[in-house]
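In mature numbering (1 follows the signal peptide of the UniProt record, and there is no 0), the protein residues as written are -17 to -1, 1 to 332.
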């Protein structure tokens, strides 16, 4: 009996020591945890406040939770720290993506601008006294001779817009109103798209009928059309005078004269024609030329040229003849061209 009692007393003593050692171990862990947190606090002092706040909120659980003494609490800090780093990386990636999109806004045309582009404009200060150049020619004459994207504001435009300037071809100072070369942009679009423009100035695009009207209706412009066939051979058609009318009249091709070039004249047959899209039919054909030939143009009934037709840089069956990017004076009426550029330039005094 005495042996049993002695054994029990020894067991209780050992148990009390175990509990005591366990508590010391817990205190050591709590102390280490506190040191780790303090160390992180020091390292975070020079970080941006929002970043530090987010990290601290993840690193420091409530005081009561730190004293519960559960084992999983001791691994909570490094786990949350790892999560915080991942969260910050994701945030930085998102910011970089947004900045990339904002930087690309300048090149997007008309309806192709994403909502973020318009939101960015709202937060930018507008200098109403700033004098914008009216054309690429004016930019060239100011001493800037590098081709690229610039902002212009024609005399009657309500706001400036970005354009692609060619400062090299035939003396430079040309403003692109259309560019096609790889089929990456769909051109079989409706009235709204053709009115305001679409595409990317770094790729394929249409600058917009409204912009073309403001650039040509109140200032004499010449027109240059450059064509490329599937063998990369180029040809051009140039006109000494070109302009279109306002939307209320159907954006008609109301001035076109003075042809020269080796591509043949395939635009004069469209003189005085109104612009037609698949959803606004203004041609003289009983049907809709835009629907029939998969494009949008100053159609009559129907076309001698169709530079906004479907991009088909291959030889196709008879069913697709006349549907492609076409200029009857260069390689025939049924030939699908590989590229086109349409440019305008104010006529110098």
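Note that the Cβ used here is the ideal one computed from N, Cα and C, for glycine as well.
Just mark residue 297 as buried or exposed, buried being the case when its beta carbon has 16 or more other beta carbons within 10 Å. Exposed, because fewer than 16 other Cβ atoms sit within 10 Å of the Cβ of residue 297.
So, at 6 Å on beta carbons, what are the nonlocal neighbours of residue 244 in its own chain, with the 5 sequence-adjacent residues on each side left out? Once the five neighbours on either side are set aside, the close Cβ partners of residue 244 are 219, 220, 221.
Check the DSSP bridge columns for residue 309 and list the partner residues they point to. Beta-bridge pairing links residue 309 to 289.
Starting from the Cα of residue 150, find the closest Cα among 274, 287, 131 and give me that residue. The option with the nearest alpha carbon to residue 150 is 131.
Name the one or two DSSP bridge partners that residue 323 has. According to DSSP, which records beta bridges pairwise, residue 323 is partnered with 163, 210.
Rounded to a whole number of angstroms, what is the C-alpha to C-alpha distance between residue 223 and residue 215? If I take the Cα positions, the gap works out to 26 Å.
Comparing alpha-carbon positions, which option in 206, 278, 283 lies nearest residue 290? Per the Cα distances, 278.
Which residues in the same chain have their Cβ closer than 7 Å to the Cβ of residue 251, if we skip the five residues on either side of it in sequence? Around residue 251: 239, 242.
What do you reckon, are the CB atoms on residue 179 and residue 162 nearer than 8 Å? Contact flag unset, no.
At which residues does the beta strand (DSSP E) containing residue 236 begin and terminate? Its beta strand (DSSP E) spans residues 236 to 244.
For residue 174, which of helix, strand or coil comes out of DSSP? Helix at residue 174.
Please go through the same chain and pick out, in chain order, the residues whose beta-carbon is closer than 6 Å to the beta-carbon of residue 264, but skip the five residues on each side of it. Excluding residues within five positions, the ones whose Cβ falls inside 6 Å are 271.
Check the C-beta distance from residue 181 over to residue 204 and give it rounded, since I have them as a contact under 8 Å. About 22 Å separates the beta carbons of residue 181 and residue 204, which is beyond the 8 Å limit, so they are not a contact pair.
Do you know how far the Cα of residue 177 is from the Cα of residue 124? The straight-line gap from Cα to Cα measures roughly 30 Å.
Residues near residue 5 in its chain [Cβ-Cβ closer than 8 Å; skip 5 each side]: Because the pLDDT at residue 5 is just 45, under 50, the model does not fix this residue reliably, and the value given afterwards should be weighed accordingly. Result list for residue 5: empty, nothing under 8 Å.
State the DSSP-derived secondary structure class of residue 183, mapped to helix, strand or coil. Residue state, collapsed to three classes: strand.
Let me confirm a value: residue 129 is counted as buried when at least 16 other C-beta atoms fall within 10 Å, else exposed. Which label applies? Exposed, by the Cβ-count rule.
Three-state class that DSSP yields for residue 87 in the structure shown: Note: residue 87 maps to helix in three-state DSSP.
Beta-ladder partner(s) of residue 204, from DSSP: The partner list for residue 204 (beta bridge, DSSP) reads 225, 329.
Rounded to whole angstroms, what's the CA-CA distance from residue 307 to residue 70? Just pull it up for me. Approximately 50 Å between the Cα atoms of the pair.
Determine the burial state of residue 320: buried for a count of at least 16 other Cβ atoms within 10 Å of its Cβ, exposed for fewer. Counting Cβ neighbours within 10 Å, residue 320 comes out buried, since at least 16 surround it.
Using the three-state DSSP reduction, which class does residue 123 fall into: helix, strand or coil? In the displayed model, residue 123 falls within a helix according to three-state DSSP.
To which residues of the same chain is residue 287 closer than 6 Å at the C-beta, ignoring the five residues directly before and after it? Excluding residues up to 5 positions away in sequence, 249, 252, 311 lie with their Cβ nearer than 6 Å to the Cβ of residue 287 in the same chain.
Identify the residues that DSSP records as bridge partners of residue 157: which are they? Answer by DSSP bridge pairing, in chain order: 149.
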